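Reviewing the structure listed below.
Below, the structure is given as structure tokens:
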């Protein structure tokens, strides 16, 4: 069974601001597709990629803005790719930048598929999605192609124009925003989503690239230890963090989010010498240290956020795990803190 692809909350950068600008409630819409609005401050947390696509479609319908995905793309910057942007920025030319993006794109969105081909002097960059289940992708496609278009212009200059910008879906009722964003070569109802430009553009030198900094940037990216493919353990840990505060953190719910059955989850975790209980306890311990160590939440709230049925059950678990009660831990942390 194939697990559903995951993406990081970073894929929703500026979602709240764009939603508010078009008069819709971002928190309500996020909850409607099973996402936690509070987790937007945790850009590296993994969530089902299909939920993001559904959120963008619902946001477009609710707001009446067929260009919702483009409004997000307008706010995208290279820096939104986090550590990956450091490497891309130092590539000597556009060819190297695109190869880096294609190779490491799964660090941020496992569902995104980027393919580059060069034929007869033309470069075609195609963008698609594999969510693991059917989903409408109009807004996600426009966001992805729009973000790619901005990246190309960052390298080639704001006066650069592609030969063609292609979308598989029909044109919107009012294409003015799309024409303004992409220029006059925009086309709809084509066989793929993507951008076509001259092969010579690939070799345009990156004037800001520094060979020495490029080496350091690659070493930094490697030091972060991002896997070429996210493991089942990574996926389960991310979903446990996401679901714990909702009170719906069960192996059945995790399995549904991954698009498999519970036995598949158990089998994959066993292959990594883990169980669902061990992962749950590990994530709980990490979150408990953070929450109990600060005074943002009361201990009763911490118990609820970590999905314990009662404060006494939480205290018992905490003492077994850390050798003291939550209140003692908090007091000791406060005593050690300066000032």
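In the UniProt record's numbering, the protein residues as written are 1 to 339. We put the CB at the ideal spot given by N, CA and C, even for glycine. As the structure is a prediction and not an experimental result, all values here were calculated from the model.
Residue 59 counts as buried, since at least 16 other C-beta atoms from the protein chains shown sit within 10 angstroms of its C-beta.
Contact between the segment 297 to 307 and the segment 258 to 277 is absent, with fewer than three C-beta pairs closer than 8 Å.
In this structure, the CA atom of residue 39 is about 45 Å from the CA atom of residue 121.
Approximately 6 Å separates the beta-carbon atoms of residue 6 and residue 235; this is inside 8 Å, confirming the contact. Note on geometry: alpha-carbon atoms of residue 314 and residue 253 lie some 22 Å from one another. Here residue 213 carries a helix assignment [DSSP, helix/strand/coil]. Under the three-state reduction of DSSP, residue 163 is assigned to coil, being neither helix nor strand. With a cutoff of 8 Å on beta-carbon distance, residue 4 and residue 136 are scored as not near each other. Per DSSP, residue 182 is one residue of the alpha helix (DSSP H) stretching across 176 to 182. Here the segment 99 to 112 lies against the segment 68 to 85, with 3 or more beta-carbon pairs under 8 Å apart. At a Cβ-Cβ threshold of 8 Å, residue 69 and residue 17 do not count as neighbours.
Residue 126 carries a strand assignment under DSSP once its states are collapsed to helix, strand and coil.
In the DSSP annotation of this structure, the continuous segment of the beta strand (DSSP E) that includes residue 115 starts and ends at 112 to 119. Note on geometry: alpha-carbon atoms of residue 63 and residue 169 lie some 19 Å from one another.
Apart from sequence neighbours up to five positions away, the residues of its chain that approach residue 189 with a beta-carbon distance below 8 Å are 167, 168, 169, 170, 171, ordered along the chain.
If you ignore the 5 residues before and after residue 37, its C-beta comes within less than 6 Å of the C-beta of 27, 30, all in its own chain and listed in chain order. By the Cβ rule, the segment 186 to 205 counts as touching the segment 115 to 130, because three or more pairs are nearer than 8 Å. Annotation for residue 53: 135, 137, 140 place their beta carbon closer than 6 Å to its own, counting only its chain and skipping 5 residues before and after. Residue environment: residue 241 is assigned as buried (16 or more neighbouring CB atoms within 10 Å of its CB, all protein chains considered). Annotation: residue 203 to residue 94 spans about 6 Å, alpha carbon to alpha carbon. The beta-bridge partner set that DSSP reports for residue 157 is empty. Taking all protein chains shown into account, residue 87 has 16 or more neighbouring C-beta atoms within 10 Å of its C-beta and is therefore buried. Sequence-distant Cβ neighbours of residue 333 in its own chain, meaning closer than 6 Å and more than five residues away, are 293. Assigned with DSSP and collapsed to three states, residue 196 falls in strand. Assigned with DSSP and collapsed to three states, residue 173 falls in coil, not helix or strand. Among the bridge pairs identified by DSSP, residue 48 is matched with 6. Residue 186 has 165 as its beta-bridge partners, per DSSP.
Assignment of residue 201 by DSSP, reduced to helix, strand and coil, places it in the helix class. Shown here for residue 9: same chain residues with a beta carbon closer than 7 Å to its own, the five before and five after excluded, namely 39, 40, 42, 43, 45, 47 in chain order.
Exclusion of the five residues before and after residue 307 leaves 244, 247, 249 as the residues of its chain whose Cβ lies within less than 6 Å of its Cβ.
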